[in-house]
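Below is one structure, written out as structure tokens, with a few remarks after it.
There are 2 protein chains.
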Amino acid sequence: MNKSFKLDNQLCFEVYKAANQFAKLYRRILEPFDLTYPQYLVLLALWEKDQLLVKQLSEKVCLGIGTLNPIINKLVDKGWVTKKVSTQDKRAIIVSLTEKAQLQETLITKEILNKVSECETLIVQDGALKSRLNELNELLTQLNEMEGKDEYL
Amino acid sequence: MNKSFKLDNQLCFEVYKAANQFAKLYRRILEPFDLTYPQYLVLLALWEKDQLLVKQLSEKVCLGIGTLNPIINKLVDKGWVTKKVSTQDKRAIIVSLTEKAQLQETLITKEILNKVSECETLIVQDGALKSRLNELNELLTQLNEMEGKDEYL
DNA sequence: TTAAAATATATCGTATACGATATATTTATT
DNA sequence: AATAAATATATCGTATACGATATATTTTAA
Chain G
20 MNKSFKLDNQ LCFEVYKAAN QFAKLYRRIL EPFDLTYPQY LVLLALWEKD QLLVKQLSEK
80 VCLGIGTLNP IINKLVDKGW VTKKVSTQDK RAIIVSLTEK AQLQETLITK EILNKVSECE
140 TLIVQDGALK SRLNELNELL TQLNEMEGKD EYL
Chain W
20 MNKSFKLDNQ LCFEVYKAAN QFAKLYRRIL EPFDLTYPQY LVLLALWEKD QLLVKQLSEK
80 VCLGIGTLNP IINKLVDKGW VTKKVSTQDK RAIIVSLTEK AQLQETLITK EILNKVSECE
140 TLIVQDGALK SRLNELNELL TQLNEMEGKD EYL
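If you read the sequences in order, they're chains G and W.
In this text, residue positions in the first sequence follow the working numbering: the first is 20, and each later residue adds one.
In this text, residue positions in the second sequence follow the working numbering: the first is 20, and each later residue adds one.
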């Protein structure tokens, strides 16, 4: 067995574990708000800029519509956001924060900041880690966008 | 909105995206072998050391038994591994590679090495990224293991 | 030496995530 | 203007992932 194929030597496995661990961590933190991590991502996006189209949200949180749509619908059911058809383009759906979601922003983000403070040192100090991951993500995105062009992969 | 709460400033979001991108990449590469990434992880573990207990596999690939068991069962269905009850401990199940899995190791790992060569530079050169992620994972694991001890979180 | 605690799997309900497909609407082309 | 191509959502099937619970077996303790 080639050394680079040992599980513990693989970057993708490290990323895989980190994502699962983050999901676990956020699950506990967000549970009191009856939110999951992807649902929280959508709220974060809308807190930055309200009234986004599903398409725009999809790009912002990097999820396909097949994944995102059920998540948005959950948020609608739970009273965090509303959907309405755009008047400009009757295909497009505008997602907006409810009053509840607007009011809870401060509370939720404060809570996150408190609970994730253990990671904060690492997160805040380590712009380096984040920017290396960012490079990695750009590379991976490019690779994945070359779908069908198998000669490049 | 606090700057650190912008989506693009969050480490966890970067990790989340990287994991999804890796999953997409491996989905394409592994598809010809009728394998998914978690299924491939199990094979990697067994190629390192065959005949592991479900428990040991669970620790090696960092997945709970609720997640892992169906994955192993899929591998059994597709003829990659077999399960047999341990004679030492009748609760424990030993998972072993089939001949097919043993024979295909070289082929599959070669293919991965080829197809992921675009990332290789980054992966091989950047022990730094991997080891920072490793620290992150240790921290996150610790946090997640303090389950129930809310005074610490 | 039994009853209790611990351990190893298995199963279930909920929520992603993806790709493939379907539908409605808009834009581009003849 | 009528049709074709493109776009924005929606839905579906498959496969994770988790926590909670159930079951069987082993170990520990009373």
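Note that the Cβ used here is the ideal one computed from N, Cα and C, for glycine as well.
With a CB to CB cut of under 7 angstroms and the five nearest residues on each side skipped, what residues in its chain are close to residue i?
| i | result |
| --- | --- |
| T101/W | V95, S115 and T117 |
| I90/G | P57, Q58 and V61 |
| E67/W | none |
| K119/W | G98 and W99 |
| Q121/G | none |
| M20/W | none |
Starting from the Cα of residue i, find the closest Cα among the options and give me that residue.
| i | options | result |
| --- | --- | --- |
| F32/G | F32/W, Y59/W, R47/W and N21/W | Y59/W |
| W99/G | I48/G, L155/G and L63/G | L63/G |
| C81/G | P57/G, D27/G and N92/G | P57/G |
| K97/G | T55/G, K79/G and K149/G | T55/G |
| K93/W | E124/W, D53/W and Q107/W | D53/W |
| F24/W | S23/G, A42/G, F41/G and E124/G | E124/G |
| F41/G | A42/W, K43/W and V34/W | V34/W |
| N153/W | K22/G, N21/G, M20/G and L26/G | L26/G |
| L162/W | K22/G, N21/G, M20/G and K43/G | K43/G |
Applying the 10 Å Cβ sphere with the 16-neighbour rule, what's the burial state of residue i?
| i | result |
| --- | --- |
| I10/G | Outside the shown range of chain G (20 to 172) lies residue 10/G, about which nothing can therefore be said. |
| K36/W | buried |
| R46/G | exposed |
| S77/W | buried |
| R110/W | exposed |
| A147/G | exposed |
| K149/G | buried |
| N174/G | This structure leaves residue 174/G out entirely; chain G is present only between 20 and 172. |
| K79/W | buried |
| L126/G | exposed |
| Q29/G | buried |
| S39/W | This sequence places Asn at residue 39/W; Ser is not what is there. Looking at its Cβ environment, which holds 16 or more other Cβ atoms inside 10 Å, N39/W is buried. |
How would you list, in chain order, the residues of chain G whose beta-carbon sits under 9 angstroms from the beta-carbon of residue i?
| i | result |
| --- | --- |
| L72/W | Those do not exist, as L72/W stays about 16 angstroms from chain G at its closest Cβ, beyond 9 angstroms. |
So with CB distances below 7 angstroms, who are the chain G contacts of residue i?
| i | result |
| --- | --- |
| K149/W | L30 and E33 |
| Q40/W | N156, L159, T160 and N163 |
Taking residue i as the query, report the chain G residues whose CB atoms sit under 8 angstroms from its CB, ordered along the chain.
| i | result |
| --- | --- |
| L26/W | L60, L63, A64, E67, K79 and V80 |
Output needed for residue i: all residues of its chain with C-beta closer than 8 angstroms, excluding positions within five of it in sequence on either side, in chain order.
| i | result |
| --- | --- |
| I112/G | L72, V73, K102, K103, V104 and S105 |
| T160/W | none |
| I48/G | E130, I131, K134 and V135 |
Taking C-beta pairs closer than 9 angstroms, name the residues in chain W that residue i reaches, listed in chain order.
| i | result |
| --- | --- |
| T22/G | Contrary to the premise, residue 22/G reads as Lys rather than Thr in this sequence. None at all; the shortest Cβ gap to chain W is about 11 angstroms. |
Whose C-beta lies closer than 6 angstroms to the C-beta of residue i among residues of the same chain, with five residues either side of it excluded?
| i | result |
| --- | --- |
| Q70/G | I113 and S115 |
| L65/G | L116 |
| E166/G | The predicted model places E166/G with a pLDDT of 47, which falls under 50 and marks its position as unreliable; any figure quoted below should be read in that light. Contacts found: none. |
| L87/W | S77 |
Contact residues within the region 152 to 164 of chain W, judged by C-beta distance below 9 angstroms to chain G: Listed in sequence order: L152, N153, E154, L155, N156, L158, L159, T160, Q161, L162 and N163.
Any residues in the region 48 to 67 of chain G with a beta carbon nearer than 9 angstroms to a beta carbon of chain W? Which ones, in chain order? Among the residues of the region 48 to 67 of chain G, those with a Cβ less than 9 angstroms away from any Cβ of chain W are I48, Y56, P57, L60, L63, A64, W66 and E67, in the order of the chain.
Which residues, in order along the region 84 to 108 of chain W, keep a beta-carbon less than 8 angstroms from a beta-carbon of chain G? Within the region 84 to 108 of chain W, no residue qualifies.
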